[in-house]
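Only one structure is covered here, and it is reproduced in the block below.
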Amino acid sequence: MVQNYWGAQFVKDLVVRIIVAIIALPLSIALAIASGVNPEQDLYIAVVVGFFISFFRWESCSDW
Numbered sequence: 005m006v007q008n009y010w011g012a013q014f015v016k017d018l019v020v021r022i023i024v025a026i027i028a029l030p031l032s033i034a035l036a037i038a039s040g041v042n043p044e045q046d047l048y049i050a051v052v053v054g055f056f057i058s059f060f061r062w063e064s065c066s067d068w
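Structure (structure tokens):
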């Protein structure tokens, strides 16, 4: 898979990941407020978990 991964595919994957982040962060803040947790703490957790998942599940979005 890595040998077939090229620049244009990276740009597509980056755009998809940014869109997911734009959707996930406000949802994370809303869930924090609804559960009574400080939204700032929840944002830290959301970012850390997002990076953690991206390191252990790296595949191109076109493979789905």
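Residue numbers (this note's numbering): 5 to 68. Cβ coordinates follow ideal geometry from the N, Cα and C atoms, glycine included. Just so you know, these numbers come straight off a predicted model, no measurement behind them.
Less than 8 Å between C-beta atoms, sequence neighbours within five positions excluded: which residues of the same chain meet that for residue i?
{"i": "residue 23", "result": "none"}
{"i": "residue 51", "result": "none"}
How far does the alpha helix (DSSP H) with residue i in it extend, from its first residue to its last?
{"i": "residue 11", "result": "11-39"}
Please list, in chain order, all residues of the same chain as residue i whose beta carbon is under 7 Å from its beta carbon, the five residues on each side excluded.
{"i": "residue 27", "result": "none"}
{"i": "residue 43", "result": "33, 36 and 37"}
Report yes or no: do three or more beta-carbon pairs, one from the stretch 43-55 and one from the stretch 15-33, lie closer than 8 Å? Look at the beta carbons and you see the stretch 43-55 touching the stretch 15-33: at least three pairs across the two are nearer than 8 Å.
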